[in-house]
Amino acid sequence: MRECFVELGARRYPVRIGTNLLDDAAVLSALVPGRQALIVSDGNVAPLYLAKVQAALAGKTTGHFILPPGEQEKNLARFSEVLAALAVLGASRDVTVIALGGGVVGDLAGFAAASWMRGVRFVQLPTTLLAMVDSSVGGKTAVDLPAGKNLVGAFHQPSAVLADTATLATLPMRELRAGLAEVVKIGAIGDAAFFAWLEGQAEALLVREPEAIAEAIFHSCMHKAGVVARDETEQGERALLNFGHTFGHAIETEQEFGGLNHGEAVAVGMVLAARLSTALGRAPQADAERLEALLDRLGLPTVLPAGLAPETLLARMRLDKKAVSGQLRLILWRGIGRAEIVANVPETAVLQALRG
Ligand code: ADP
Ligand code: ZN
139 MRECFVELGA RRYPVRIGTN LLDDAAVLSA LVPGRQALIV SDGNVAPLYL
189 AKVQAALAGK TTGHFILPPG EQEKNLARFS EVLAALAVLG ASRDVTVIAL
239 GGGVVGDLAG FAAASWMRGV RFVQLPTTLL AMVDSSVGGK TAVDLPAGKN
289 LVGAFHQPSA VLADTATLAT LPMRELRAGL AEVVKIGAIG DAAFFAWLEG
339 QAEALLVREP EAIAEAIFHS CMHKAGVVAR DETEQGERAL LNFGHTFGHA
389 IETEQEFGGL NHGEAVAVGM VLAARLSTAL GRAPQADAER LEALLDRLGL
439 PTVLPAGLAP ETLLARMRLD KKAVSGQLRL ILWRGIGRAE IVANVPETAV
489 LQALRG
């Protein structure tokens with residue numbers, strides 16, 4: 139087992155990564171100090187792993203809320219259903235909300251935990267690579283609105299994150315690749331040596347070689363834990379983790395969940411951000427090419443899906459949370475491992491990047 143901590147003073151918490159962690163009943167039940175727990179999961183994950191969590195919590199009063207799988211479920215209607223499930227449980231302030239699933243479950247359950255009685259204990263049991271390396275760590279919780287992704291939410295840190303890598307055995311290939319996009323992002327924004335390591339491990343990661351996967355998760359979590367500890371509410375450095383995301387969110391929103399998934403959209407977004415950086419004279423072309431090549435080897439898309447109008451995507455990008463009074467603020471880079479926040483990016487250059 140590997141472990142790192144998100145250092146937030148009294149709210150410090152562990153991120154544990156290992157195989158078969160969900161089989162350890164003692165560890166799981168220790169995550170629920172109160173009498174009650176609500177387990178939130180989805181229709182793919184619950185049949186596979188819910189029983190393990192329930193068995194570990196046999197001595198507690200537990201309820202569960204299972205939502206249909208898919209990003210389109212991360213909405214306000216489902217949010218109020220989770221709250222209703224807490225009400226049915228008779229949840230008091232010592233309840234623990236447990237997210238068992240991918241980023242969708244984690245974001246939704248986390249926002250419910252942040253809101254119920256102004257905030258109750260929250261535990262993340264991520265079952266997708268994407269959630270293990272990114273969304274389960276750092277306390278961002280949210281639901282989507284028709285106007286855009288993650289527009290309503292709260293910062294609410296979990297009390298613990300337990301990533302059981304054995305659950306990745308059942309993860310569909312497309313979801314594994316999506317998680318690898320966020321792993322590449324970590325190297326791209328702040329760690330050239332890790333990026334080079336990923337170039338050497340691409341095949342091992344795709345066949346889920348356990349040591350390579352565990353190392354990739356651990357390294358990504360370590361990086362993110364450090365960033366979150368230094369800048370919990372994204373006043374500065376934490377924004378770098380959004381590399382590729384302003385483009386990516388625009389793609390996702392515009393496609394209305396039918397097209398690319400989050401990791402795929404971020405892959406395309408990172409390539410666009412790298413190309414834009416080159417076009418603005420801020421970064422070498424060769425680094426953009428290395429990024430594109432690595433994503434391509436991991437089976438991720440690197441070009442905009444057909445049928446998306448650049449002007450429409452740009453309009454979506456103006457609504458991004460990083461935009462300040464209508465001015466685009468984007469995460470660009472100086473090259474591999476050197477992301478930076480750039481204000482007042484000229485819209486003509488963005489349009490040109492979107493047109494390819
Ligand atoms: P993400 O973590 O990428 O944000 P989701 O929460 O939407 O995404 O999960 C992606 C898909 O993978 C969903 O259909 C979900 O039900 C499914 N899933 C999550 N974890 C597993 C797993 N360990 N085994 C099989 N399917 C899983
Ligand atoms: Zn992301």
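To convert a position in the sequence shown, counted from 1, into this note's numbering, add 138. Every residue, glycine too, gets a C-beta built ideally from N, C-alpha and C.
{"Check": "Within the region 419-463, ranges of the beta strand (DSSP E) (whole runs, at least 3 residues)", "Outcome": "none"}
{"Check": "Chain-order list of residues whose beta-carbon lies under 6 Å from that of V321 (same chain, five-residue window excluded)", "Outcome": "V271, A354, S358"}
{"Check": "Beta-carbon separation (whole angstroms), A431 vs A412, contact threshold 8 Å", "Outcome": "About 11 Å; that fails the 8 Å criterion."}
{"Check": "Check whether A250 and L221 have beta carbons under 9 Å apart", "Outcome": "yes"}
{"Check": "Stretch-stretch touch, CB-based, cutoff 8 Å, three pairs: the region 290-298 with the region 176-186", "Outcome": "no"}
{"Check": "Inter-residue spacing [alpha-carbon to alpha-carbon] between I236 and L451", "Outcome": "35 Å"}
{"Check": "CB of V366 within 9 Å of CB of V226, strictly", "Outcome": "no"}
{"Check": "Inter-residue Cα distance where the pair is A252 and A424", "Outcome": "44 Å"}
{"Check": "8 Å contact criterion, which L442 and G494 should meet: CB distance rounded", "Outcome": "7 Å"}
{"Check": "Pick from S415, N482, L438 that is closest to R472, judged by C-alpha positions", "Outcome": "S415"}
{"Check": "At least 3 beta-carbon pairs within less than 8 Å: the region 467-486 vs the region 336-354", "Outcome": "no"}
{"Check": "Check: G386 C-beta below 8 Å from any heavy atom of ligand 2", "Outcome": "yes"}
{"Check": "Strand pairing of A301, partner residues [DSSP]", "Outcome": "I155"}
{"Check": "Beta-carbon proximity list for G244, same chain, < 6 Å, skipping 5 on both sides", "Outcome": "A237, Q262, A269, S273, S274"}
{"Check": "Completely contained alpha helix (DSSP H) runs for the region 214-273, where each covers 4 or more residues", "Outcome": "214-227, 241-253"}
{"Check": "Sheet register partners of I204 (DSSP bridge)", "Outcome": "S179"}
{"Check": "With 16 other Cβ atoms within 10 Å as the buried cut-off, status of A169", "Outcome": "The question names Ala, but residue 169 in the sequence shown is Leu. Classification of L169: buried, given that the 10 Å Cβ count is 16 or more."}
{"Check": "Close-in-space but distant-in-sequence residues of the same chain around R529 (CB under 7 Å, 5 per side omitted)", "Outcome": "It is not possible to answer for residue 529, since the shown part of the chain is limited to 139 through 494."}
{"Check": "Classification of A285 by the beta-carbon crowding that lies within 10 angstroms, buried from 16 upward", "Outcome": "exposed"}
{"Check": "Beta-bridge pairing of F293 - partner residues as DSSP gives them", "Outcome": "K278"}
{"Check": "G277 vs G248 beta-carbon contact at 9 Å", "Outcome": "yes"}
{"Check": "Counterpart residues of E141 in DSSP-defined beta bridges", "Outcome": "R154"}
{"Check": "Ligand 2 heavy atom lying under 8 Å from the CB of D272", "Outcome": "yes"}
{"Check": "Burial state of E390 (16 or more Cβ within 10 Å)", "Outcome": "buried"}
{"Check": "Member of G464, V462, C142, A447 whose CA lies at the smallest distance from the CA of Q490", "Outcome": "A447"}
{"Check": "Span separating the alpha-carbon of N380 from that of G419", "Outcome": "21 Å"}
{"Check": "Which residues DSSP lists as bridging R467, in chain order", "Outcome": "A481"}
{"Check": "L414, enclosing alpha helix (DSSP H) - first and last residue", "Outcome": "400-417"}
{"Check": "Where the alpha helix (DSSP H) through E370 begins and ends", "Outcome": "Per DSSP, E370 belongs to no alpha helix (DSSP H) and is neither H nor E."}
{"Check": "Chain-ordered list of residues that sit, by beta carbon, closer than 5 Å to a heavy atom of ligand 1", "Outcome": "D180, N182, V183, P207, G240, G241, V242, T265, T266, L268, A269, T305, T308, L309, E313"}
{"Check": "V404 CB to nearest heavy atom of ligand 2 below 8 Å", "Outcome": "yes"}
{"Check": "Euclidean distance between Cα positions of E449 and R456", "Outcome": "11 Å"}
{"Check": "Inter-stretch contact (C-beta, 8 Å, three-pair minimum) for the region 152-164 and the region 370-384", "Outcome": "no"}
{"Check": "R368 burial status per 10 Å Cβ neighbour count (16 or more: buried)", "Outcome": "exposed"}
{"Check": "Cut-off 6 Å between Cβ atoms - residues of its own chain near A184, not counting five sequence neighbours on either side", "Outcome": "I204"}
{"Check": "First through last residue of the alpha helix (DSSP H) which encompasses L379", "Outcome": "No alpha helix (DSSP H) holds L379; DSSP gives it neither H nor E."}
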